[in-house]
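Taking it in order: structure first as structure tokens, then the write-up.
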Amino acid sequence: MLAYNQHAPTIYFPLLVPECFLIEPTETETKEAMDDFIDVTAKILEEAYSNPETATEAPFTEAVRRLDEVKAAKGLDLVWSERRQRFGC
Numbered sequence: 005m006l007a008y009n010q011h012a013p014t015i016y017f018p019l020l021v022p023e024c025f026l027i028e029p030t031e032t033e034t035k036e037a038m039d040d041f042i043d044v045t046a047k048i049l050e051e052a053y054s055n056p057e058t059a060t061e062a063p064f065t066e067a068v069r070r071l072d073e074v075k076a077a078k079g080l081d082l083v084w085s086e087r088r089q090r091f092g093c
């Protein structure tokens, strides 16, 4: 999504429906923004079928590649400091 200038959506995976993907846009999204999101989602789906590596190895255009979510969850850095706050880190 980021490679297509789309903000990562708020998602939920309902546990009652296997492989379900629920997207919950906010009430402030415009019709044009939703249409763009739908177009990008359709393009990603098409790419996933024609060239699966494109989807599984994304993102390609961002400064940071795929993050290690397990490491991030286990090694939380929740230390607050005035220096970090001052510099927006």
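Counted from 1, the sequence shown has number 55 at position 51 by the numbering used here; the numbering is strictly sequential. The beta carbon of each residue, even a glycine, is placed where N, CA and C say it ideally should be. Here the structure is a predicted model, which is why all the values come from computation and not from measurement.
Output the distance between the C-alpha atoms of residue i and residue j, rounded to the nearest integer angstrom.
| i | j | result |
| --- | --- | --- |
| Glu33 | Leu6 | 17 Å |
| Ala77 | Gln10 | 24 Å |
| Thr60 | Thr45 | 15 Å |
| Val20 | Pro29 | Note on identity: in this sequence residue 20 is Leu, with Val being the wrong assignment. Going by the C-alpha atoms only, they are around 21 Å apart. |
| Gly83 | Pro63 | Residue identity differs from the one stated: residue 83 is Val in this sequence, not Gly. Between Val83 and Pro63, the C-alpha separation is close to 28 Å. |
| Ser54 | Lys47 | 11 Å |
| Pro56 | Asp81 | 34 Å |
| Ala37 | Ala12 | 13 Å |
| Val74 | Phe25 | 21 Å |
Taking C-beta to C-beta, are residue i and residue j nearer than 8 Å?
| i | j | result |
| --- | --- | --- |
| Thr58 | Glu66 | no |
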